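Student:
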Amino acid sequence: MSADSEAKKRDFVSQTITIMEQNTTTLSDAGFAPENRITQLKTELLATDEAEGRQNEAQAAALDATKAANNTLKIAYNDASAAISLIEGLLGKDNSLVHKLRQLRK
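When you read off a place in the sequence shown, starting at 1, and then add 4, the result is the number in the numbering used here.
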């Protein structure tokens, strides 16, 4: 669901609450007691806001975890490249083991 339609749905619930509160007498005169429904909608809207807050926290944590994973992989990759360079320096770039190791990057 897009954020736009979520915002529209949240606004729909909020406006419904407001209009029902403003027209309690009219609704009561028509045989509908809106108080329980208003309370229910307010509770549901509050729960929605809290859930969205937890969702935003989870998204931020996921971004942080991705960044940490990428940084850790970068370090490991650089260390592996350094090890290959070291082996190349020890054995020479024409050595068969060095050729095999250099092919790993391809």
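For each residue, glycine too, the CB sits at the ideal point set by N, CA and C.
All figures in this text were calculated on a predicted structure; none of them were measured in a lab.
1) Rounded to whole angstroms, what's the CA-CA distance from Tyr81 to Leu108? Just pull it up for me.
2) Do the segment 71-90 and the segment 36-56 touch if we need at least three Cβ pairs shorter than 8 Å?
3) Does the Cβ of Ile21 have 16 or more other Cβ atoms within 10 Å, making it buried, or fewer, making it exposed?
4) Taking only three categories from DSSP, how would you classify Lys97?
5) Please confirm if Asp33 has its CB atom under 8 Å from at least one CB of chain C.
6) Contact between the segment 36-54 and the segment 63-79: three or more CB pairs below 8 Å?
7) Using DSSP with H/G/I as helix, E/B as strand and the rest coil, what is Phe36?
Tutor: In this structure, then:
1) Within the sequence shown, numbered from 1, the residue matching residue 81 stands at position 77. Within the sequence shown, numbered from 1, the residue matching residue 108 stands at position 104. Taking C-alpha positions only, Tyr81 is separated from Leu108 by approximately 11 Å.
2) Not touching, per the Cβ criterion.
3) Locating residue 21 in the sequence shown gives position 17, where the first residue counts as 1. Ile21 should be labelled buried.
4) Locating residue 97 in the sequence shown gives position 93, counting from the first residue. Note: Lys97 maps to coil in three-state DSSP.
5) Any reference to chain C falls outside this structure, which holds one protein chain only.
6) no
7) Here residue 36 refers to the residue found at position 32 when the sequence shown is read from its first residue. In this structure, Phe36 counts as coil in the three-state DSSP scheme.
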